[in-house]
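Chemist: My structure is below; once you've seen it, I'll send some questions.
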Amino acid sequence: MAKKEKKSWFSKTKKLTKTEKKQRSVAVKTTIIIFAAIVVCVAVVVGFVFLDRYVKANLKLEKKTVPIHLLNFPDWGSEELKQKIVAEAAGDSKDLKLSDSAAMRIGENIAEFSWLYNTKVQIGNQAIVIDAQYRLPVALIKTNDSQYFIASDLVVLDYVNISKLPIVEITGVPAHRLTWRSVGTKWDSEDVVAAVELLALFARMDSEVVPDKPLLAEIKSIDMSNFNGRRSSSQPHIVLYAKDGTEIRWGAQKGAWQRYLEARDEEKLTLLYNTYQELGTVQLRAAQKGAFIDLVKPQSLSLPIDRY
């Protein structure tokens, strides 16, 4: 039986006829066309994906809220106060644009904002700028369910955290009168006015006599419950309390010393600040130096500064 010949991989291939060559050429061209079409389709799809991302990015950029810049923001201001002002300025707007209408809207939003006055809103290169003056909180009044600041001009301010100022609590005044509706209004009752005037006097003395270590920083509260002797004519009308509980018996309101035969206001200031500088504190209880400082009785002392 004759053996069957095995085909070799290295054997010569059969020559194609003209018809077969033509058919193969057409098949190759078709394959190239199909491949090219696939490549084009993929490129188009990828292009649309990137285009979609580009459009979305641009839309996001166009809707981005323009920042609000606070000009001359005070050194004593806190981040909480800054955010409160910005939120009040923006109002309900979620897509502020750099435009006159946006600036006008912001101006309207902060026109009655208690912390600011003399406000101006301008359009900057990349932000809307609020130029304003800031009310300085000098006192704190606590109610049953809230607390409020009293500014140096007697305007009631809503409370925010302020840690860089020596703010003194006023007690012995009708705090129940204060509500959220009081914010932005003046509380000019006689006892509150007298308390703020006295705190302003201390602040001035601090700036001129002990600027590096203000005495006010050691004062916790000012008690106005016996203002004008309304509880007892024989007891000091105004008493301040240091943070350790030391009493500072001031007496009558500023300018009324003669009516009650007390030490002159400048004598009271001199005795108080001399004590503060000699002992380094008015917290006598903590230093075990006493329980109170009596400023009411007349003294023969000269003021350490030219005027007060």
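The sequence shown lines up with residues 770 to 1077 when you count with the working numbering.
Ideal Cβ placement from N, Cα and C applies to all residues, glycine included.
On a predicted model such as this, the values are computed, not experimentally measured, just so you know.
#1: Hey, which unbroken runs of the alpha helix (DSSP H) at 4 residues or more fall wholly within the region 928 to 979?
#2: Per DSSP, what kind of secondary structure is alanine 858 in: helix, strand or coil?
#3: Between which residues of its own chain and valine 1065 is the CB-CB distance below 6 Å, once the five residues before and five after are set aside?
#4: What's the C-alpha gap between aspartate 869 and alanine 972?
#5: Take the Cβ of lysine 1037 as the centre, count every other Cβ of all protein chains shown within 10 Å, and call the residue buried at 16 or more, exposed below.
#6: Evaluate the contact criterion for the region 846 to 865 versus the region 878 to 886: three or more CB pairs, one atom per stretch, below 8 Å.
#7: Looking only at its chain, what residues have a beta carbon closer than 6 Å to the beta carbon of glutamine 891, apart from the 5 residues adjacent to it on each side?
#8: Using alpha carbons as the reference points, say which of Pro943, Gln1046, Tyr928 and Asp927 lies closest to lysine 982.
#9: Buried or exposed: where does glutamine 1057 fall if 16 or more other Cβ atoms within 10 Å of its Cβ makes it buried?
#10: Could you pull out every residue in the same chain whose Cβ sits closer than 6 Å to the Cβ of valine 824, ignoring the five residues on either side in sequence?
#11: Within its chain, find whatever has a CB closer than 8 Å to the CB of aspartate 957; leave out the 5 residues flanking it on each side and keep chain order.
#12: In angstroms with no decimal places, state the Cα-to-Cα distance between threonine 954 and isoleucine 936.
#13: Pull up the distance between the alpha-carbon of isoleucine 1062 and that of glutamine 902, whole angstroms please.
#14: Identify which residue in Ile1007, Ala986, Leu984 and Glu987 has its Cα closest to the Cα of serine 994.
#15: Under 8 Å Cβ to Cβ from arginine 904, same chain only, skipping five residues before and after it: list those, please.
#16: Just grab the DSSP bridge partners of valine 1008 for me.
#17: Taking the beta carbon of valine 877 as the centre, do at least 16 other beta carbons fall within 10 Å, making it buried, or is it exposed?
#18: Would asparagine 930 pass as a contact of serine 990 if the rule is Cβ separation under 9 Å?
#19: Which word fits leucine 840, buried or exposed, when buried means at least 16 other C-beta atoms lie within 10 angstroms of its C-beta?
#20: Label glycine 1059 either buried or exposed according to how many other C-beta atoms from any shown protein chain fall within 10 Å of its C-beta, with 16 as the threshold for buried.
#21: Leaving out the 5 sequence neighbours to the left and right, which residues in its chain are closer than 7 Å to arginine 1054 when beta-carbon positions are compared?
#22: DSSP three-state label for glutamine 916, please.
#23: Report all residues from its chain with a CB closer than 6 Å to the CB of proline 836; omit the five preceding and five following residues, and keep chain order.
#24: Among Asp975, Tyr1029 and Leu968, which one has its Cα closest to the Cα of glutamate 938?
#25: List the endpoints of the continuous beta strand (DSSP E) containing leucine 1040.
#26: With a CB to CB cut of under 6 Å and the five nearest residues on each side skipped, what residues in its chain are close to lysine 933?
Modeler: Looking at the atomic coordinates:
#1: Listed in chain order, the complete alpha helix (DSSP H) runs (minimum 4 residues) inside the region 928 to 979 are 959 to 978.
#2: Against the sequence shown, residue 858 aligns to sequence position 89. Of the three classes helix, strand and coil, the one that applies to alanine 858 here is helix, per DSSP.
#3: By 1-based counting over the sequence shown, the position of residue 1065 is 296. Hits under 6 Å: Pro1005, Arg1018, Gly1020 and Glu1031.
#4: Along the sequence shown, one-based indexing puts residue 869 at 100. Along the sequence shown, one-based indexing puts residue 972 at 203. Their Cα atoms are separated by approximately 41 Å.
#5: As a first step, residue 1037 must be located in the sequence shown, where it is residue number 268. Its Cβ being crowded by 16 or more others within 10 Å, lysine 1037 is buried.
#6: Pairwise C-beta distances place the region 846 to 865 in contact with the region 878 to 886, as three or more of them are shorter than 8 Å.
#7: On the sequence shown, residue 891 is found 122 positions in, with the first residue counted as 1. Only Val898 meet the Cβ criterion.
#8: The residue you call residue 982 lines up with position 213 of the sequence shown. Of Pro943, Gln1046, Tyr928 and Asp927, the residue nearest in Cα terms is Gln1046.
#9: On the sequence shown, residue 1057 is found 288 positions in, with the first residue counted as 1. Label assigned to glutamine 1057: exposed.
#10: Numbered from its first residue, the sequence shown carries residue 824 at position 55. Because valine 824 carries a pLDDT of 35, less than 50, the predicted location of this residue cannot be relied on, and the following value inherits that uncertainty. Once the five neighbours on either side are set aside, valine 824 has no close Cβ partner at all.
#11: Position 188 of the sequence shown holds residue 957. Leu923.
#12: In the sequence shown, the residue the question calls residue 954 occupies position 185. In the sequence shown, the residue the question calls residue 936 occupies position 167. Answer to the nearest angstrom: the Cα atoms are 19 Å apart.
#13: To locate residue 1062, count along the sequence shown from 1; it is residue 293. To locate residue 902, count along the sequence shown from 1; it is residue 133. Cα to Cα, isoleucine 1062 sits roughly 37 Å from glutamine 902.
#14: Indexing the sequence shown from 1 puts residue 994 at position 225. Shortest Cα-Cα distance from serine 994 to any of Ile1007, Ala986, Leu984 and Glu987 involves Ile1007.
#15: One-based indexing of the sequence shown puts residue 904 at position 135. If you ignore the 5 residues before and after arginine 904, its C-beta comes within less than 8 Å of the C-beta of Ser883, Trp884, Leu885, Tyr886, Ala920, Ser921, Asp922, Val924 and Leu926, all in its own chain and listed in chain order.
#16: The count along the sequence shown starts at 1 and reaches residue 1008 at position 239. Asp992 and Arg1018, per the DSSP bridge assignment.
#17: Numbered from its first residue, the sequence shown carries residue 877 at position 108. According to the sequence provided, residue 877 is glutamate. The question's valine does not apply to it. Looking at its Cβ environment, which holds fewer than 16 other Cβ atoms inside 10 Å, glutamate 877 is exposed.
#18: Numbered from 1 along the sequence shown, position 161 holds the residue referred to as residue 930. Numbered from 1 along the sequence shown, position 221 holds the residue referred to as residue 990. No, the pair does not count as a contact, with Cβ atoms beyond the cut-off.
#19: Walking along the sequence shown from the start, residue 840 turns up at place 71. With fewer than 16 Cβ atoms within 10 Å of its Cβ, leucine 840 is classed as exposed.
#20: As a first step, residue 1059 is located in the sequence shown; it is residue number 290 there, counting from the start. In this structure glycine 1059 is exposed. Its beta-carbon is surrounded by fewer than 16 other beta-carbon atoms within 10 angstroms.
#21: For the purposes of this step, residue 1054 is identified with residue 285 of the sequence shown, where counting begins at 1. Asp1013, Gly1014, Thr1015 and Ala1060, listed in sequence order.
#22: What you label residue 916 is simply residue 147 of the sequence shown in a count that begins at 1. In this structure, DSSP gives glutamine 916 an extended state, which the three-state scheme calls strand.
#23: Within the sequence shown, the letter at position 67 stands for residue 836. Exclusion of the five residues before and after proline 836 leaves Ala896 as the residues of its chain whose Cβ lies within less than 6 Å of its Cβ.
#24: Start at 1 with the first residue of the sequence shown, and residue 938 comes out as number 169. Nearest to glutamate 938 by alpha-carbon distance, out of Asp975, Tyr1029 and Leu968, is Leu968.
#25: Here the question's residue 1040 lines up with position 271 in the sequence shown. Looking at the DSSP string, leucine 1040 is not in any beta strand (DSSP E); the run it does join, the alpha helix (DSSP H), is 1034 to 1048.
#26: The count along the sequence shown starts at 1 and reaches residue 933 at position 164. So the qualifying residues of the chain are Trp845.
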